[in-house]
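Trainee:
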Amino acid sequence: MRWKWVYIEDVSRHAGEDVEVRGWLFNKRSSGKIRFLLIRDGTGVLQATIFSPEKCHPLFAQFDALTQESSLIVRGRVRQDKRAPGGYELEIADMETVQIARDYPISPKEHSTAFLMEHRHLWLRSRKQHAVLQVRAELIRAIRDFFDGRGFRLMDTPILTPSACEGTTTLFETQYFDQKAFLSQSGQLYNEATAMAFGKVYCFGPTFRAEKSKTRRHLIEFWMVEPEVAFASLEDIIELAEDLVLFILGRVLSRRRQELDILERDTKPLERIKKPFPRITYDEAVQLLKQKGSAITWGNDFGAPEETMMSEIFDLPVCVTHFPAAIKAFYMQPAPERPDVVLGVDMLASEGFGEIIGGGQRIHDLGLLEKRLKEHNLPRQAYEWYIDLRQYGSVPHAGFGLGVERTLAWLCRIKHIRETIPFPRLLYRIYP
RNA sequence: UCCUCGGUAGCUCAAUCGGCAGAGCGGGUGGCUGUUAACCACUAGGUUCCAGGUUCGAGUCCUGGCCGAGGAGCCA
48 MRWKWVYIED VSRHAGEDVE VRGWLFNKRS SGKIRFLLIR DGTGVLQATI
98 FSPEKCHPLF AQFDALTQES SLIVRGRVRQ DKRAPGGYEL EIADMETVQI
148 ARDYPISPKE HSTAFLMEHR HLWLRSRKQH AVLQVRAELI RAIRDFFDGR
198 GFRLMDTPIL TPSACEGTTT LFETQYFDQK AFLSQSGQLY NEATAMAFGK
248 VYCFGPTFRA EKSKTRRHLI EFWMVEPEVA FASLEDIIEL AEDLVLFILG
298 RVLSRRRQEL DILERDTKPL ERIKKPFPRI TYDEAVQLLK QKGSAITWGN
348 DFGAPEETMM SEIFDLPVCV THFPAAIKAF YMQPAPERPD VVLGVDMLAS
398 EGFGEIIGGG QRIHDLGLLE KRLKEHNLPR QAYEWYIDLR QYGSVPHAGF
448 GLGVERTLAW LCRIKHIRET IPFPRLLYRI YP
């Protein structure tokens, strides 16, 4: 007979049927005349059993030879059983060993972070890491569905760029034939051009920052989605950011419950998030933080302790607006009648996870943009095309960037951002 | 880049005042008719990160180096 190859996530639909499962040995146990195999195939974990009153059953010998992470194909009948994890198990009739794994280094007991990072290529198979990356895939799909559903056009901005978008000190330099090029830190400047061509756009890709930062919330290479909308104001863009976050939350909470359970994520703090999120200006935030005992003074950016304090004051994500112009990028539009602050917004996630979104309104006036470039000592020739946008039907416009890994860390309540991407690039680690 | 802590069996850790190198897990062997990180018995397994120094004697003390972790600044 022909055995039907099924994935473990679909196994409950095949109760009573003969099927084939292809996967890896997650764990095994035995008790006299009965043997248990926990098999994973990437979509789930299934318990399979071998039962025989004969001690010398050939399948028993095959079972005994299996080691953790050995690859195998099992065939048998699916049966509903309350005693099995997941409620279904496979009664093995036939088993094929594909390869015996020798000394798999990650045991079911505890390991240090350093050891696990060294074995990241195998750590991905572990239950919690697997769950986090399942949520990541869902998060990315939700982001795309959100923007596509609202008529945004996906614009792929370049990764190799001739100039800096923000500071030049944090750029990765590379050779571009006989000239220098830099790895992109953001697609924003290019998106300002595509927004003038398509009205509302987004880019979604990897970004690179050569910052020597060694914290739980920094990656050297990370993914960012950046919408940009022509004719939009700060107000418009904040609402867009709120809608995006709510859409993502809805998707992940409805479709990835099981993974959040595996991660022991208490979902109540996420479930109570509703529009509108609290909004405060930078001025108000500084006042609040001072009352809470922070040493912050006007004109300084928030540090990690300030972000933690903010999430102790509010139990929803918070939008902080109107930052001092001096601590923000050259392209930020100054507030009307208050030129020392800009129409920018940072969204701080709840539960102490800090900034997940940064954005705002961009300068659309030619003269002001030229003035700012000079003040920031940026080479005009590298920005000619960008300046050009202000000469041909310039309009107010706004956008933001959302960091995928930080958002995922918040959703999964993962302490360190290194677990939110399959192969993290960190300050002192580029292997594996 | 700065501050703090750490490096002992494949892994996670212990080793009192400087005095015989130890446990659990994993591996191996055997047992057990429903296990849930199964359990029980036995068993193999060591360049104590590297180089130098002090000492009768160093995993332990000193000097230098290498590697890692936690935190800070910067940022999404």
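Numbering (the numbering used here), first residue to last: 48 to 479.
Even glycine gets a Cβ: it sits at the ideal position worked out from N, Cα and C.
Verify whether the separation of the beta carbon atoms of residue 278 and residue 254 is less than 9 Å.
Mentor: Here residue 278 refers to the residue found at position 231 when the first sequence is read from its first residue. Here residue 254 refers to the residue found at position 207 when the first sequence is read from its first residue. Their beta carbons are not under 9 Å apart, which means residue 278 does not touch residue 254 by this criterion.
Trainee: Can you tell me whether residue 430 is helix, strand or coil according to DSSP?
Mentor: For this step, residue 430 is matched to residue 383 along the first sequence. Helix.
Trainee: Given a cut-off of 9 Å, decide if residue 66 and residue 137 are closer than it, judged by their beta-carbon atoms.
Mentor: Within the first sequence, the letter at position 90 stands for residue 137. Within the first sequence, the letter at position 19 stands for residue 66. Against a cut-off of 9 Å, the Cβ pair of residue 66 and residue 137 comes out as a contact.
Trainee: How big is the Cα-Cα spacing for residue 319 and residue 219?
Mentor: For the purposes of this step, residue 319 is taken as the residue at position 272 of the first sequence. For the purposes of this step, residue 219 is taken as the residue at position 172 of the first sequence. Computed Cα separation, rounded: 41 Å.
Trainee: Where do the ends of the alpha helix (DSSP H) carrying residue 457 lie?
Mentor: On the first sequence, position 410 is the one that residue 457 refers to. 451-459 is the span of the alpha helix (DSSP H), which, as asked, contains residue 457.
Trainee: Please report the Cβ distance between residue 171 and residue 133, rounded to the nearest whole angstrom; I am assuming they are in contact, meaning their Cβ atoms lie under 8 Å.
Mentor: Locating residue 171 in the first sequence gives position 124, where the first residue counts as 1. Locating residue 133 in the first sequence gives position 86, where the first residue counts as 1. No, residue 171 and residue 133 are not in contact; Cβ-Cβ is about 21 Å, not under 8 Å.
Trainee: Measuring only the C-alpha atoms, how far is residue 166 from residue 267?
Mentor: Here the question's residue 166 lines up with position 119 in the first sequence. Here the question's residue 267 lines up with position 220 in the first sequence. When rounded, the distance between both Cα atoms is 19 Å.
Trainee: Buried or exposed, going by whether 16 or more other CB atoms sit within 10 Å of the CB of residue 465?
Mentor: Here residue 465 corresponds to residue number 418 of the first sequence, with the count starting at 1. That one is buried.
Trainee: DSSP three-state call for residue 417: helix, strand or coil?
Mentor: The residue labelled residue 417 in the question sits at position 370 within the first sequence. In the structure shown, residue 417 sits in a helix (DSSP, three-state: H, G or I).
Trainee: Are the Cβ atoms of residue 143 and residue 73 separated by less than 9 Å?
Mentor: For this step, residue 143 is matched to residue 96 along the first sequence. For this step, residue 73 is matched to residue 26 along the first sequence. No. Outside cutoff.
Trainee: Only counting runs of 3 or more residues, tell me where the beta strand (DSSP E) segments fall wholly within the segment 188-256, in order along the chain.
Mentor: Fully enclosed beta strand (DSSP E) runs of 3 or longer: 220-223, 226-230 and 247-255.
Trainee: Sort 358, 355, 459 and 329 by Cα distance to residue 346 and report the nearest one.
Mentor: Taking the first sequence and counting its residues from 1, one reaches residue 346 at position 299. The residue with the shortest Cα to Cα distance from residue 346 is 329.
Trainee: Return the CA-CA distance between residue 183 and residue 441, expressed in angstroms with no decimal places.
Mentor: Here residue 183 refers to the residue found at position 136 when the first sequence is read from its first residue. Here residue 441 refers to the residue found at position 394 when the first sequence is read from its first residue. C-alpha separation (whole angstroms): 37 Å.
Trainee: Distance check for residue 476 and residue 188, CA to CA, integer angstroms please.
Mentor: Along the first sequence, one-based indexing puts residue 188 at 141. Along the first sequence, one-based indexing puts residue 476 at 429. If you take the alpha carbons of residue 188 and residue 476, they lie about 28 Å apart.
Trainee: Please classify residue 423 as buried or exposed, where buried requires at least 16 neighbouring CB atoms within 10 angstroms.
Mentor: Along the first sequence, read from residue 1 onward, the residue named residue 423 stands at position 376. By the 10 Å Cβ count, residue 423 comes out exposed.
Trainee: Where does residue 128 fall in DSSP's three states?
Mentor: Taking the first sequence and counting its residues from 1, the one referred to as residue 128 is at position 81. If DSSP states are grouped into helix, strand and coil, residue 128 belongs with coil.
Trainee: Out of 129, 157 and 119, point me to the one whose CA is closest to residue 141's CA.
Mentor: Walking along the first sequence from the start, residue 141 turns up at place 94. When only C-alpha atoms are compared, the closest one is 119.
Trainee: Short of 8 Å in beta carbon distance, which residues of its chain neighbour residue 438, apart from the five on each side in sequence? Order them along the chain.
Mentor: Here the question's residue 438 lines up with position 391 in the first sequence. Excluding residues within five positions, the ones whose Cβ falls inside 8 Å are 413.
Trainee: Return the first residue and the last residue of the beta strand (DSSP E) that residue 329 is part of.
Mentor: Taking the first residue of the first sequence as 1, we reach residue 329 at position 282. That residue, residue 329, is in no beta strand (DSSP E); its alpha helix (DSSP H) goes 329-338.
Trainee: Counting Cβ pairs, one atom from each stretch, are 3 or more of them under 8 Å apart for the segment 225-241 and the segment 278-294?
Mentor: Short answer: they don't touch.
Trainee: Compare the Cα-Cα distances from residue 482 to each of 125, 367, 317 and 323 and report the closest residue.
Mentor: What the structure shows of the chain is the stretch from 48 to 479, and residue 482 is not part of that stretch, so it cannot be assessed.
Trainee: Give me the Cα-Cα distance between residue 246 and residue 445, rounded to the nearest whole angstrom.
Mentor: Working through the first sequence from its first residue, we reach residue 246 at position 199. Working through the first sequence from its first residue, we reach residue 445 at position 398. Going from the Cα of residue 246 to the Cα of residue 445 covers about 11 Å.
Trainee: Measuring only the C-alpha atoms, how far is residue 125 from residue 55?
Mentor: Taking the first sequence and counting its residues from 1, one reaches residue 125 at position 78. Taking the first sequence and counting its residues from 1, one reaches residue 55 at position 8. If I take the Cα positions, the gap works out to 11 Å.
Trainee: Buried or exposed: residue 432, going by 16 or more other Cβ atoms within 10 Å of its Cβ?
Mentor: Looking up residue 432 in the first sequence gives position 385. So residue 432 ends up on the exposed side.
Trainee: Just tell me which of 315, 197 and 59 has its CA closest to the CA of residue 398.
Mentor: Stepping through the first sequence from its first residue, residue 398 is reached at position 351. Among 315, 197 and 59, the Cα nearest to that of residue 398 is on 315.
Trainee: At what residues does the beta strand (DSSP E) containing residue 301 begin and finish?
Mentor: Here residue 301 corresponds to residue number 254 of the first sequence, with the count starting at 1. Counting along the chain, residue 301 falls outside any beta strand (DSSP E), though it belongs to the alpha helix (DSSP H) covering 281-302.
Trainee: Could you tell me whether the segment 306-313 touches the segment 448-456, using the rule of 3 or more Cβ pairs below 8 Å?
Mentor: Verdict: no, contact absent.
Trainee: Do you know how far the Cα of residue 185 is from the Cα of residue 98?
Mentor: One-based indexing of the first sequence puts residue 98 at position 51. One-based indexing of the first sequence puts residue 185 at position 138. Spanning the two alpha carbons is a distance of roughly 39 Å.
Trainee: My output table needs one value for residue 175: the three-state DSSP class, helix, strand or coil.
Mentor: Position 128 of the first sequence, counted from the first residue, corresponds to residue 175. Helix at residue 175.
Trainee: Quick one: using the 10 Å Cβ neighbour count with 16 as the cut-off for buried, is residue 401 buried or exposed?
Mentor: Position 354 of the first sequence, counting from 1, holds the residue named residue 401. By the 10 Å Cβ count, residue 401 comes out buried.
Trainee: Look at residue 149 and residue 68 and say whether their C-beta atoms are less than 9 Å apart.
Mentor: The residue you call residue 149 lines up with position 102 of the first sequence. The residue you call residue 68 lines up with position 21 of the first sequence. No, these two residues do not count as a Cβ contact at 9 Å.
Trainee: Exposed or buried, residue 410, counting other C-beta atoms within 10 Å across all chains shown (16 or more means buried)?
Mentor: Numbered from 1 along the first sequence, position 363 holds the residue referred to as residue 410. Per the 10 Å Cβ criterion, buried.
Trainee: Going by the DSSP bridge assignment, what does residue 93 pair with across the sheet?
Mentor: Position 46 of the first sequence holds residue 93. Answer is 86, bridged to residue 93.
Trainee: Can you look up residue 376 in the DSSP assignment and give me helix, strand or coil?
Mentor: The residue you call residue 376 lines up with position 329 of the first sequence. Residue 376 falls in the coil class under three-state DSSP.
Trainee: If residue 325 sits next to residue 289, beta carbons under 8 Å apart, how far is it from one beta carbon to the other, in whole angstroms?
Mentor: The residue labelled residue 325 in the question sits at position 278 within the first sequence. The residue labelled residue 289 in the question sits at position 242 within the first sequence. Incorrect: roughly 11 Å between the Cβ atoms, too far for contact.
Trainee: Hey, how far is the Cα of residue 479 from the Cα of residue 208?
Mentor: Taking the first residue of the first sequence as 1, we reach residue 479 at position 432. Taking the first residue of the first sequence as 1, we reach residue 208 at position 161. C-alpha separation (whole angstroms): 26 Å.
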